[in-house]
Amino acid sequence: MRKIRVLVAKVGCDIHERGALTMLTVFRDAGMETIYTGRFQTEEGVVNAAITENVDVVCVSDLTGSLVIICRKIVDGLKKQGSDDIYVVCGGIITDQDRIELKEMGVAGAFGTGYPPEETVGFIQELVKDRLK
262 MRKIRVLVAK
272 VGCDIHERGA
282 LTMLTVFRDA
292 GMETIYTGRF
302 QTEEGVVNAA
312 ITENVDVVCV
322 SDLTGSLVII
332 CRKIVDGLKK
342 QGSDDIYVVC
352 GGIITDQDRI
362 ELKEMGVAGA
372 FGTGYPPEET
382 VGFIQELVKD
392 RLK
């Protein structure tokens, strides 16, 4: 069975990357292949990297409260490129209203600060399990 491929992305001016780096380690330790965009990326750059790297999941990390704006551009960009089969999940500062909007736009999962990393791993494994057969 092939490994799950995960792209962890930081978009814009959010310099808080501890959560993203932690999740990279957690995903890797769970047997996933991980790719990190680094900080200060654009949504378009994330879309291009996701397609080029042939990932299963894009994980967007943001602690500025901008996840709705960022994820909308990524989800729309993946659709425009015909790659809407790539799942988008996000983590960071998420309000209840954000959670509703993220779900409506097609974000598969939204994990607030303090969410157990192991549960995020389980969520992603369940999300993509049918692709790995």
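Numbers given in this note's numbering equal positions in the sequence shown, counted from 1, plus 261. Glycine included, every Cβ here is placed at the ideal spot set by N, Cα and C.
Item                                                                                                           : Value
Contact between the region 304–312 and the region 280–288 (3+ Cβ pairs under 8 Å)                              : no
Pick from GLU387, GLN386, LYS394 and VAL382 that is closest to LEU285, judged by C-alpha positions             : VAL382
Rounded separation between ILE355 and ALA369 - CA only                                                         : 14 Å
Residue of PHE301, ASN315 and ILE361 minimising C-alpha distance to VAL321                                     : PHE301
Which of helix, strand or coil DSSP assigns to GLN386                                                          : helix
Three-state class that DSSP yields for GLN342 in the structure shown                                           : coil
LEU363, DSSP secondary structure in three states                                                               : helix
Pair within 8 Å by beta-carbon distance, ARG343 and GLU304                                                     : Strictly speaking, residue 343 in this sequence is Gly, with Arg absent from that position. The answer is no: Cβ separation not under 8 Å.
Coarse secondary structure for ARG392, derived from DSSP in three states                                       : helix
Beta carbon of MET293 nearer than 8 Å to that of VAL329                                                        : no
GLY326 classed as buried or exposed, judged by whether at least 16 other C-beta atoms fall within 10 angstroms : exposed
Limits of the unbroken alpha helix (DSSP H) element including ALA369                                           : Per DSSP, ALA369 belongs to no alpha helix (DSSP H) and is neither H nor E.
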